[in-house]
Each structure stands twice: as structure tokens, then as C-alpha cells.
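Worksheet: one structure, shown below.
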Amino acid sequence: MASPQKTSLEHLQGQIERVTYTNEENGYTVAKVKVRGRRDLVTVIGHMTSPLPGQVLKMKGEWSNHPKFGEQFKAVYCECSVPATSAGIQRYLGSGLVKGIGPVLAKSIVARYGDDTLDVIEYQTEKLTEVEGIGDKRIEMIKKAWEEQKEIREVMLFLQGHGVSATYASKIFKAYGKEAIQVVQKNPYRLATDIFGIGFVTADKIAQKLGFSLESEFRIQAGILYVLHQLSDQGHVFYPRQNLIAKCTEILEVDAPLVDKCLADLNAERKVVIENLTVPGTDEIQEAVYLAKYHFSETSIARKLKKLLSSQKSIRKVDTEKALDWVQKTYSMSLAEKQAEAVRKALEDKILVITGGPGTGKSFLLSAILKIVSQLKVKIMLAAPTGRAAKRMNEATGFEAKTIHRLLEFDFQKGGFKKDEEHPLNCDLLIVDEMSMVDTVLMHHLLKAVRLDTTLIMVGDVNQLPSVGAGNVLKDVIGSGAVPVVELNEIFRQARESSIVVNAHLINQGQFPRLTPRQDKLDDFFFMQEEDPEKVLDKIKYIVMQRIPKRFQLDPVSQVQVISPMNRGVVGVSNLNSELQACLNPKGQELARGGKTFREGDKVMQIKNNYDKEVFNGDIGRIIKLDLEMQEMKVRFDDRVVVYEYADLDELVLAYAVSIHKSQGSDYPAVVIPLLTQHYIMLQRNLIYTGITRGKNLVVVIGTKKALAIAVNNAKTQQRYTYLHGRLQNTE
1178 MASPQKTSLE HLQGQIERVT YTNEENGYTV AKVKVRGRRD LVTVIGHMTS PLPGQVLKMK
1238 GEWSNHPKFG EQFKAVYCEC SVPATSAGIQ RYLGSGLVKG IGPVLAKSIV ARYGDDTLDV
1298 IEYQTEKLTE VEGIGDKRIE MIKKAWEEQK EIREVMLFLQ GHGVSATYAS KIFKAYGKEA
1358 IQVVQKNPYR LATDIFGIGF VTADKIAQKL GFSLESEFRI QAGILYVLHQ LSDQGHVFYP
1418 RQNLIAKCTE ILEVDAPLVD KCLADLNAER KVVIENLTVP GTDEIQEAVY LAKYHFSETS
1478 IARKLKKLLS SQKSIRKVDT EKALDWVQKT YSMSLAEKQA EAVRKALEDK ILVITGGPGT
1538 GKSFLLSAIL KIVSQLKVKI MLAAPTGRAA KRMNEATGFE AKTIHRLLEF DFQKGGFKKD
1598 EEHPLNCDLL IVDEMSMVDT VLMHHLLKAV RLDTTLIMVG DVNQLPSVGA GNVLKDVIGS
1658 GAVPVVELNE IFRQARESSI VVNAHLINQG QFPRLTPRQD KLDDFFFMQE EDPEKVLDKI
1718 KYIVMQRIPK RFQLDPVSQV QVISPMNRGV VGVSNLNSEL QACLNPKGQE LARGGKTFRE
1778 GDKVMQIKNN YDKEVFNGDI GRIIKLDLEM QEMKVRFDDR VVVYEYADLD ELVLAYAVSI
1838 HKSQGSDYPA VVIPLLTQHY IMLQRNLIYT GITRGKNLVV VIGTKKALAI AVNNAKTQQR
1898 YTYLHGRLQN TE
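Adding 1177 to a residue's 1-based position in the sequence shown gives its number in the numbering used here.
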């Protein structure tokens, strides 16, 4: 039988005119290429290493006809080289290749030096002073950037040869400099801990290509730490030893005794801590494995809270009944029974937790406490986990409020907070709002900085979702019974006028919300029945772009927030963002990075704490400037502008839509929530309760009553392995 005829590959060479799309994870690119002898630009698809306009592309491949996009050249082999013509060089330099050279300057340089431009930049950079607008400072910048991009390219070629995307090449180069290749060759698992965005799975792929054994102790130890970090991302402060070994055995595909041995080695090196804990409500002992920082943080929180409880207050004693009468007369308002109890405890106790849902008078209660305590001429500080929550606290009380991070003052030299045991916060009363959002590590740092004579009041809604970070601090503190707690459960008359508030409380009590709009006034809660995800998406776009702005006079970008239970799917956060960006901000200066396109005017969210820039996970801002020449993006967060280099852009995502988890601590004039049964895995009572309570003036839910009923009836929350409650109950 004759062998099948092999298709011979065609050779093609041309100059890249523009890059239509590139996936920086795998290098897959769609480019428009100018080929000699062809009038129209050729669409080339294939895997390329950091393609740039102006580069010469040598390819082998075959022609195909796409039903939608027409004729394409499918390249199976691509080689990019520097351009040889003046026009190509101008495109190449103007594409953002070199920091300090943008399209305008590229044109001037090429006009002066023509085909010799790249040689001048490489060997005679000083000659660039002959070009108008280039001084000594700019020359130094260009020289440094040119050298860096050459070295980054070398690192990039090495890494891509070992399965790493181009996205991370500049980050790896930034972290390790010229030693990058040697570091990766010696221990690729370092990437998983040192570089944001590179996890164990990617590091493991590199290691396999470099010949590391599956049973390498480097690999297994890194794998155990990776699994523990993944579990902490799910909220766990520790994990039971046997369960952990089973997970690691499955993920790493090695035998359990080998995992056990490496776990013992990590314990000996104090990278993890193994402790025997009593299972709550039983006599059963379980071996708990902690990442070292979580063990230290949890034990430190319990120790400090106990010390605070047993220490004297710096605030002098007052006649609480007189103080209550005075503050009620001052405000010409009566405090409810629970509110009065909270005022008494705030004046008498050392630590107090105040918890309650929307409309239960938490803000007024805080104002009353602050009014009384401020008469005593003592130092008062207010804090919250997010900038929005701190701003809301300030507006509600009239007192300055800061984020916890800003309150603690980050020290860039020592890489930690300036405020600690040796340099405590100078305050007699510290009130922290939105405590449900405070995770174990942040709580540890906060308490470290609290003087023993300070009165601490923690305020939050224990029925909301727990913190994004590991732990369940507010719930554990309340559940321990070690700290005085006042739960506000009365909805005040004014709040009862709001369907948002009434429905939030119905949901919290496991009852189906009221979906029929009020007829006596413009309601603030609407439910729209729709089960087709594509139609839900269309309705979201229509409501955000037209209905809400027209009826409620709200800005669709800054005042309307779409929040979704899921990240994936038609009405998941990722797809919603690309669809809403296309509707709300379709044109303007743009930049594609890591599969994301950013435009001037886009709403974006920071997804990683960056102490250097003083922006934190969950902060939302607007892109005000894309500077292609300086390779920078400027983002306004409330009252300040933060500058991002291109290498830092993986810390930002579009924020026209955010997950309900990420919306915690914020409130918005209007929220729109898709809710479908395809979100089944996420449909929990505290999730929908948290989502609805983000809306200040308007909530629109689009989906099915079935999905809503599933969420309302599901009071089970994912178990988080924490032991703060046990440590607080322990009298030792």
C-alpha cells in the first residue's frame, strides 16, 4: 500500500506590520505580515517569541482558508529577526520595545540615522544627542533599556525552550538579573515562591525539562509547600496531616512515605509546624500541619487578645448611665436596647465585638460611642481592611479612618510594618470595621501594634463571607466565648423602607426574599427572571449601559458594579469584563498584555497586596494614562495616582465585573448580580447575602428563582481549618 503523501511546507518571509493577538502564556500569535510581491497583508498564525511590529519573520508552513477570517498562513516554524529597512526599524522601535523611545521619537531617530539606527543604538548611543529631544538622561535610559531587553530576550528564549511563557521573562529577569538562567537551572522550584503568578505546576514543568527526578526532595518539599499555599488560598490556616499527605501523594504522583519524610524535614527546618490539636467538641486529637507564618500568626493573636483582656484600660471610668443619657439628648435620638448595651460594654470592657446586619444601626452606634469617648480627650483611631470601607467609616462617623495597612505604615527597608510591639499605635481606643474581612496574618500584624492599655472594638457582620485570606477571625473570636459580644438584630424603621435591607435579613434567616417591587415608591431591589446565560448577558449589558443610567441617573462605570458568583462561564467575571469593556470603553489608547487588553479609561482592580505602591488586593481604580514611550500605565485610586511598569500589569485585572468575594468591604450605588443554577457550586446563603448587601441604593438580580432558592436554603459553608477559637478557650 502506498504511503500517504506528505504535504511539503512552504517558505515565507515578510515584515510584521501589526500584532493582532498574542497569548503570552504559550506564544500563540495572529500577525499581519507584509510579504514582497503581495499587495494585501498576509494573516499569519503560529507560535512566536515576543513578536513586534517591524521585525522580519522567516516562516515555514501552509496556507489554509478560515470560514470567518479568510486566507491564513499557518506557520509551524517561525524565526523573528531585527528589521533591516528604515520603515521596519521605525515600527520596531515605536512598538514599545525600548523604554524611553515611543512612536514619535522612533520616527525622529530613524529620520536621522536610517538603516544604521540599530547599530547607533547598540554601539554609539551617545550620538543620539544629535536628535532633538534626546538629552543625557534619556540616553542613559535608552542604553539601560536596550541592554535589558537583549538580556531579557536571552532569558526568554531559554525559558520558552523549557515551557515558560514570555509573560514572566521580564519578572524573572527583574528578580534575578543576569543570574536568572543559572538560578532556574539550579532550582526551578524557587520560581514558585519568588515570582508572583508562577506556581508550582509551571516550575515543575521546567524542572522536568531540566531533568529533575519526580522523587527529587527539592520537588517534593516544594510540592508540599505549594499544596499548603493552595489550601491557605481556600481559607485554611492548617490542614490535617493525613489529608495533606493524601493530597500531595495524588498531585506529586509519589509514594506517601516519601511525602511523609519530606514533610518531617520541612518541620525540622521550621518551614512548617506540626501540632497536635483537640478536635472541638471531642476528645479526639488530630495532627495539624501549618505553614510557619500561619502558626505564628494564630498563636500570636490568641496570646495578644488574652493579654489585652487582662490589662488595664487607659480610658478613665465614667458613669455609663449618665453618658448614655447625655449622648441620646445630644443626638435627640433614643438608643435601642442592644445599642445601649453595646455603649455600656464599650465604656466598661477592654475588648468588644459588635456584630449585626444592614439597617441594625452599627454606624449610629459607633457615632454614639465616639461622641462619648471623644469628650474624655483620649487618642482615637479608626481602621478598616479596604480603602472603600475606611472611607465609608469616615463618612458615617466624621472621624478619620485609615486602611489597616496604612495605619501600620509599611517599612520598605525592613520589608514589614513600622508599627509593632516596639513602636505601637498611639491610641487609647481602636475601632476596626468590616472585621469579617480581616484574615489571620493581617490580624496578627494589627494586634502586634496595639498597646496593652488600648480598648479594642471590633465591628462586623459575621454572616458575610469570611476573609479572602486564610482564617475566620471574627467568627472564631465570637465562637470562643472569650470576648464580650453584642449582636444587633433589630432593623430600624428607616431601614425597613429598603427592600435591599429587608431581603438581606430574610435571606440570612433562610427565607425566600420578597421579589415583587413596591408600588408606593421607587423600589431599590429588582429580580428579573431569565435562565438562558446568553440572554442574561444581554440583559446585564442593557441594564448597565441604558436602564440604570437613564432611570437612576448613575454613571455606568463608576457607580454601577456587576458582581458574579463565578469567574468562568458566559456570565462569569472574566467574560463579563471583556463584554462590558467592549460596551463601555470600546476605543482609545490600548495595551495588550498577558491575554488582557487595557485601555485608557478602563476600570481595574489590584489583585495582590503591593506595599511598595501602597495598593492592596481588592482596590479599584481607573486607568488615566497609557504611556507607550515610558512603558508605564497610570491608575487613579480614589485621591492618588499609582504608576505601573509593564512587568507589573499582571497585578491588575479589569473590574467592570468582580467576584462577590472580591466585592467584600465595598458598597456601590448600584449592583447587578447574575444568578443561575450553573453557579451551583457557589450558591450559598452567605454568598448571596454578601452580594445583595453590597448595593447601597439599588440591587438588580438577573437569573432564576431556582438558583436563588438553592442559595437561600444552603446554609452550609465550606469548612475552614482554623484553631483560633480553641486557643482562645484554652486557659493555659
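We treat Cβ as the ideally placed atom computed from N, Cα and C, and that holds for glycine.
Note that the structure is a prediction, hence the values are computed from the model and not measured.
Item                                                                                                                                                                                       : Value
Can you list, in chain order, the residues of its chain with a C-beta nearer than 6 Å to that of residue 1726? Leave out the 5 residues immediately preceding and following it.            : 1733
Would DSSP call residue 1439 helix, strand or coil?                                                                                                                                        : helix
So what's residue 1760 in DSSP terms, helix, strand or just coil?                                                                                                                          : helix
Looking at the unbroken beta strand (DSSP E) that takes in residue 1487, where does it start and where does it end?                                                                        : Looking at the DSSP string, residue 1487 is not in any beta strand (DSSP E), and its letter there is neither H nor E.
Can you look up residue 1373 in the DSSP assignment and give me helix, strand or coil?                                                                                                     : coil
What whole-angstrom Cβ distance do residue 1628 and residue 1602 have, given they're in contact under 8 Å?                                                                                 : 7 Å
Hey, how far is the Cα of residue 1916 from the Cα of residue 1755?                                                                                                                        : Residue 1916 cannot be examined here, being either before or after the span of the chain that is shown, 1178 to 1909.
Taking the alpha-carbon of residue 1465 as reference, which of 1761, 1441 and 1485 has the nearest alpha-carbon?                                                                           : 1441
So what does DSSP say about residue 1780, is it helix, strand or coil?                                                                                                                     : strand
Would you tell me roughly how many angstroms separate the C-alpha atoms of residue 1813 and residue 1798, rounded to the nearest one?                                                      : 5 Å
Does the stretch 1808–1825 come into contact with the stretch 1673–1684, if we say contact requires no fewer than three beta-carbon pairs (one atom in each stretch) closer than 8 Å?      : no
With 16 as the cutoff for other CB atoms within 10 Å, does residue 1719 come out buried or exposed?                                                                                        : exposed
Do residue 1848 and residue 1885 have their beta-carbon atoms positioned less than 9 Å apart in this structure?                                                                            : no
Distance check for residue 1892 and residue 1866, CA to CA, integer angstroms please.                                                                                                      : 11 Å
Sorted by chain position, which residues of the same chain lie with C-beta nearer than 6 Å to residue 1199's C-beta, five sequence neighbours on each side aside?                          : 1206
Keeping to the same chain, check which residues put their C-beta closer than 6 Å to that of residue 1348; ignore five residues upstream and five downstream.                               : 1372 and 1824
Please name the residue, chosen from 1577, 1512 and 1228, that lies closest to residue 1334 on a Cα-to-Cα basis.                                                                           : 1228
Can the beta-carbon of residue 1399 be found closer than 9 Å to that of residue 1410?                                                                                                      : no
Quick one: what does DSSP say residue 1292 is sitting in, helix, strand or coil?                                                                                                           : helix
Cβ atoms of residue 1235 and residue 1256: under 9 Å apart, would you say?                                                                                                                 : yes
Would you report the Cα separation of residue 1271 and residue 1225, rounded to the nearest angstrom?                                                                                      : 20 Å
On the DSSP letters alone, give me the boundaries of the alpha helix (DSSP H) that residue 1508 sits inside.                                                                               : 1497–1508
Going by beta-carbon coordinates alone, are residue 1302 and residue 1320 separated by less than 9 Å?                                                                                      : yes
Any chance you could list the beta strand (DSSP E) runs of at least 3 consecutive residues sitting entirely within the stretch 1859–1906, in chain order?                                  : 1872–1880
Does the pairing of the stretch 1643–1658 with the stretch 1499–1506 give three or more beta-carbon distances under 8 Å?                                                                   : no
Could you give the distance in angstroms between the alpha-carbon of residue 1712 and the alpha-carbon of residue 1269?                                                                    : 43 Å
Determine, using beta-carbon pairs with one atom in the stretch 1520–1537 and one in the stretch 1573–1587, whether at least three such pairs fall under 8 Å.                              : no
Looking at the secondary structure, which residues open and close the alpha helix (DSSP H) in which residue 1362 lies?                                                                     : 1357–1363
Return the residue from the list 1481, 1524 and 1499 that minimises the CA-CA distance to residue 1491.                                                                                    : 1524
Do you know whose CA, among 1326, 1449 and 1363, lies nearest residue 1385's CA?                                                                                                           : 1363
Might you give, ordered along the chain, the residues of its own chain that have their beta carbon closer than 7 Å to the beta carbon of residue 1180, omitting 5 neighbours on each side? : The pLDDT assigned to residue 1180 is 44, lower than 50, so where the model puts this residue is not dependable, and the model offers no usable value.
Roughly how far, in whole angstroms, is the beta-carbon of residue 1615 from the beta-carbon of residue 1644, given that I think they are within contact range, below 8 Å?                 : 6 Å
Do you know how far the Cα of residue 1397 is from the Cα of residue 1605?                                                                                                                 : 48 Å
So which of 1556, 1580 and 1353 has the shortest CA-CA distance to residue 1566?                                                                                                           : 1580
Helix, strand or coil, according to DSSP, for residue 1171 in the structure here?                                                                                                          : Outside the displayed range of the chain (1178 to 1909) lies residue 1171, so it cannot be described from this structure.
Given a threshold of 16 other Cβ atoms within 10 Å of its Cβ, counted over all protein chains shown, does residue 1456 qualify as buried or as exposed?                                    : exposed
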